[in-house]
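Asks:
In this note's numbering, the protein residues as written are 178 to 326.
1) Where do the ends of the beta strand (DSSP E) carrying residue 214 lie?
2) Would you check if the distance between the CB atom of residue 314 and the CB atom of residue 285 is smaller than 8 Å?
3) So residue 274 is in the alpha helix (DSSP H); what residue range does that whole segment cover?
4) Does residue 196 come out as helix, strand or coil in the three-state DSSP assignment?
5) Check the Cβ-Cβ distances between residue 219 and every residue of chain C, and say whether any is below 8 Å.
6) In whole angstroms, what separates the C-alpha of residue 188 from that of residue 197?
7) In three-state DSSP terms, what is residue 326?
8) Which residues mark the beginning and the end of the beta strand (DSSP E) in which residue 316 is found?
9) Would you decide whether residue 331 is buried or exposed? Buried here means 16 or more other CB atoms lie within 10 Å of its CB.
10) Look up residue 256 in the DSSP assignment and say whether it is helix, strand or coil.
11) Quick check on residue 207: does DSSP put it in helix, strand or coil?
12) For residue 298, write down the residues that DSSP places opposite it in a beta bridge.
13) Does the pairing of the segment 214-223 with the segment 255-272 give three or more beta-carbon distances under 8 Å?
14) Below 7 Å CB to CB, which residues in the same chain sit around residue 297 once its five sequence neighbours on both sides are set aside?
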């Protein structure tokens with residue numbers, strides 16, 4: 178059966194491998210998405226199954242982002258908007274100010290400037306960051322603005 182379809186993938190071996198897996202597992206395409214029964218599958222799951230970029234996708238892990246729950250837990254959360262997210266020292270400067278205030282940092286998540294168009298940094302702290310620290314944080318080289326959450 179596969180020989181009937183092989184010519185569609187001439188020059189595209191990765192796509193052929195994905196299509197073979199789809200046939201092998203009975204996957205369907207509906208409105209541009211791949212489904213296993215009624216379960217929509219992601220492109221990354223398909224790539225992983227086909228072995229494309231397997232080592233990359235196997236190493237990725239989901240992250241529990243605490244920013245939204247910080248207020249519920251009486252923690253602090255600030256968002257750092259950088260002038261240039263690739264500039265070294267932004268996180269170190271902001272963390273130093275928070276540490277000097279005697280506040281522990283629970284979590285830091287920095288958007289990767291190669292992945293996100295408008296990268297920001299998010300810092301969740303053990304206690305709310307006092308507003309009096311905002312002018313100091315805004316003075317850190319590379320900080321464009323700070324948002325309290």
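Note that CB positions come from ideal geometry on N, CA and C, so glycine has one too.
Model, not experiment: these values are computed from the prediction.
Replies: Let me lay it out:
1) Taken as a continuous stretch (DSSP letters only), residue 214 belongs to no beta strand (DSSP E), as it is neither H nor E.
2) no
3) 267-277
4) helix
5) Looking at the structure shown, chain C is missing, and only one protein chain is on hand.
6) 15 Å
7) coil
8) Careful: residue 316 lies outside any beta strand (DSSP E) and carries neither H nor E.
9) There is no way to answer for residue 331, as the model of the chain reaches only from 178 to 326.
10) strand
11) strand
12) 257 and 287
13) no
14) 256, 257, 258 and 288
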